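No gaps in the numbering here: position 254 of the sequence shown is 254 in UniProt numbering, and each next residue is one more. Don't be surprised by glycine CBs; every beta carbon is placed ideally from N, CA and C. It should be emphasised that the depicted structure is a prediction, and the values quoted were computed from it without experimental measurement.
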Amino acid sequence: MTALPTGSTMQASNHLAVSDLVKQFGGGRSLIGRELPAVHAVRKLAFHVEAGEILGIVGESGCGKSTVARMLVGLDAPTSGRIELGGSPLAEPGKPIHRRALANRIQYVFQDPLSSLNPRKTIRQILTAPLVYLKHMDKEQIETRLKELMEQVNLRAEFLSRYPHEFSGGQAQRIGVARALAAEPEVLVLDEPVSALDVSVQAQVLNLLQDLRKRFNLTYVFISHDLGVVRNLCDRVAVMYFGRIVETADTDTLFSNPQHHYTRLLLDSVPGTGKQLSVGDQANAELPDPLKPPPGCAFAARCPAATDQCRQTDPELKGTDAHAVACYHPEK
Ligand SMILES: Nc1ncnc2c1ncn2[C@@H]1O[C@H](COP(=O)(O)OP(=O)(O)OP(=O)(O)O)[C@@H](O)[C@H]1O
Ligand code: SF4
Ligand SMILES: [Mg+2]
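Take a look at the structure:
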């Protein structure tokens with residue numbers, strides 16, 4: 001995976017590729033023609049992930065991570081930009097999203113495992129739904145597949161008759177993963193999949209995810225606040241700030257040689273594994289107003305190296321596959 005400079009051409013070899021992705025909520029015009037305010041949640045964002053890789057996406061609360069995730073799995077339509085999987089478009093503005101076709105290729109694992117499972121349905125019912133609607137399996141095939149799925153997430157088959165509230169958070173998240181695997185997708189988008197879990201349980205779920213990735217050659221987009229988890233799990237990392245990717249690199253490179261001033265601030269503020277990402281005690285720690293994005297670099301108000309150029313024009317993401325940064329005056 002690497003981030004692509006905004007507007008650049010996608011490469012055929014990219015498994016999942018996003019370019020110029022924009023999402024605005026609201027906007028448009030009122031009946032009397034007055035311009036309505038729009039929340040600029042994702043602003044010309046680009047990245048790609050190779051088959052079998054884990055891309056970590058990190059960034060503070062509100063920077064747009066879940067909005068990207070929801071667009072990747074077709075829960076939200078992009079305002080503009082493209083998402084491609086294996087060279088074919090998943091989402092294009094103005095074209096309907098084929099949810100069923102998409103669900104067979106790319107699946108979402110939610111942050112809060114318990115609330116993402118219907119409390120009135122047994123695990124059998126929850127896991128059977130995608131086998132019927134997406135895989136069109138008959139009764140016998142469903143029985144075999146249910147047992148396989150439970151084995152794949154290290155849960156006993158007798159749990160199939162239980163309800164979600166009978167499970168711990170870690171077990172519930174395994175069921176969430178099994179539900180995603182039922183579709184036999186190529187890509188899992190994991191939106192803070194372990195943040196709601198105790199640290200000891202987090203490790204078990206992360207090990208399971210790592211095993212499943214190898215076993216089924218899955219590709220992961222792994223969204224997290226926790227830089228320690230990202231460092232341990234991900235092949236590459238993309239740092240998001242205010243709706244854009246500001247830096248992306250191989251995990252080791254990003255942690256040893258951050259070049260964007262925001263990445264540096266994040267790494268300096270989060271000393272160890274397991275610490276939550278926060279720069280809240282820094283001066284001017286607020287993100288800019290999403291209703292009124294600044295014309296230049298969104299980090300300029302907080303950046304010690306900001307110049308007039310930074311305040312006037314937003315820098316594009318530039319660099320190589322190994323390391324790309326959106327900054328006029330990167331750290332060396
Ligand atoms: N449906 C919506 N309508 C209006 N604004 C929205 C909507 N969904 C998200 N936003 C706004 O878009 C921005 C990005 O939100 P998003 O949930 O993607 O952030 P996030 O990085 O996932 O945050 P967190 O780490 O807290 O989960 C925020 O300003 C948020 O308020
Ligand atoms: S572009 Fe300018 S303001 Fe933005 S991070 Fe780089 S130096 Fe700082
Ligand atoms: Mg989120």
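Short Cβ contact (7 Å threshold) for residue i with residue j
i: Q111; j: E192; result: yes
i: G170; j: L134; result: no
i: L21; j: V42; result: yes
i: A157; j: Q107; result: no
i: L85; j: L16; result: yes
i: L90; j: L102; result: yes
i: C303; j: G56; result: no
i: T307; j: A51; result: no
i: P295; j: P288; result: no
i: V109; j: G176; result: yes
i: R124; j: L149; result: no
i: H261; j: A305; result: yes
i: I83; j: V187; result: no
i: L155; j: L127; result: no
i: P315; j: Q259; result: no
i: T263; j: E286; result: no
Span of the beta strand (DSSP E), counted from its first residue to its last, around residue i
i: S80; result: 80 to 85
i: L21; result: 16 to 26
i: V187; result: 187 to 191
i: G169; result: Segment 169 to 182 is the alpha helix (DSSP H) holding G169; no beta strand (DSSP E) there.
i: Y108; result: 106 to 109
i: L90; result: 88 to 91
i: R231; result: Unbroken run through R231 is the alpha helix (DSSP H), 227 to 233; no beta strand (DSSP E).
i: Y241; result: 236 to 241
i: V325; result: 323 to 325
i: R156; result: Taken as a continuous stretch (DSSP letters only), R156 belongs to no beta strand (DSSP E), as it is neither H nor E.
i: I54; result: 54 to 58
Best match in the options for proximity to residue i [C-alpha to C-alpha]
i: H48; options: D250, R311, L291, E151; result: D250
i: T313; options: C327, A305, G176; result: C327
i: A70; options: Q309, F222, D235; result: According to the sequence as given, residue 70 is Arg; it is not Ala. The shortest Cα separation from R70 among Q309, F222, D235 belongs to F222.
i: P78; options: S88, F216, K95; result: K95
i: R311; options: L212, G27, C297, G56; result: C297
i: P185; options: Y163, S269, L72; result: L72
i: L131; options: T122, L190, L181, P330; result: L181
i: E92; options: G81, R99, H98; result: G81
i: A322; options: D268, V237, S161, V229; result: V237
i: N232; options: P330, S88, Y262, Q210; result: Q210
i: R215; options: L291, E151, Y262; result: E151
i: R213; options: V189, V199, R264, S200; result: V189
i: R105; options: Y163, S88, T263, P290; result: S88
i: T320; options: S269, T253, Q309, D268; result: T253
i: S115; options: E166, Q141, H136; result: E166
i: S269; options: E60, R100, R120, T122; result: E60
i: H136; options: R100, R34, P164; result: R100
i: S168; options: I142, Q141, S200, K139; result: S200
i: T122; options: P164, G28, L208; result: P164
i: R120; options: Q141, Q204, D138, R162; result: R162
i: K44; options: K139, K23, G27; result: K23
Test: residue i CB closer than 7 Å to a CB of chain D
i: P258; result: Looking at the structure shown, chain D is missing, and only one protein chain is on hand.
Contact belief for residue i with residue j at Cβ below 8 Å, rounded distance in angstroms
i: Q173; j: P113; result: 4 Å
i: S224; j: V68; result: Rounded, the Cβ-Cβ distance is 13 Å, inconsistent with contact.
i: V325; j: K318; result: 7 Å
i: residue 338; j: V153; result: The displayed coordinates of the chain run from 1 to 332. Any statement about residue 338 would go beyond what the structure contains.
i: D265; j: L227; result: Sequence check: residue 265 is Leu here, not Asp. That belief does not hold up - the Cβ atoms of L265 and L227 are roughly 12 Å apart, past 8 Å.
i: L206; j: P37; result: At roughly 40 Å, the Cβ-Cβ gap does not stay under 8 Å, so L206 and P37 are not in contact.
Delimiting residues of the alpha helix (DSSP H) encompassing residue i
i: D211; result: 199 to 216
i: L149; result: 139 to 152
i: I223; result: Unbroken run through I223 is the beta strand (DSSP E), 219 to 224; no alpha helix (DSSP H).
i: L72; result: 65 to 72
i: R124; result: 123 to 133
i: R99; result: 99 to 103
i: L267; result: 261 to 269
i: L45; result: L45 -> not in any alpha helix (DSSP H); beta strand (DSSP E) instead, spanning 38 to 49.
i: T251; result: 251 to 256
Heavy atom of ligand 4 within 6 Å of residue i beta-carbon
i: S66; result: Here the bound small molecules are ligand 1, ligand 2 and ligand 3; ligand 4 is not part of this structure.
So, do the region 241 to 261 and the region 56 to 70 have three or more beta carbon pairs nearer to each other than 8 Å?
Segments in contact, yes.
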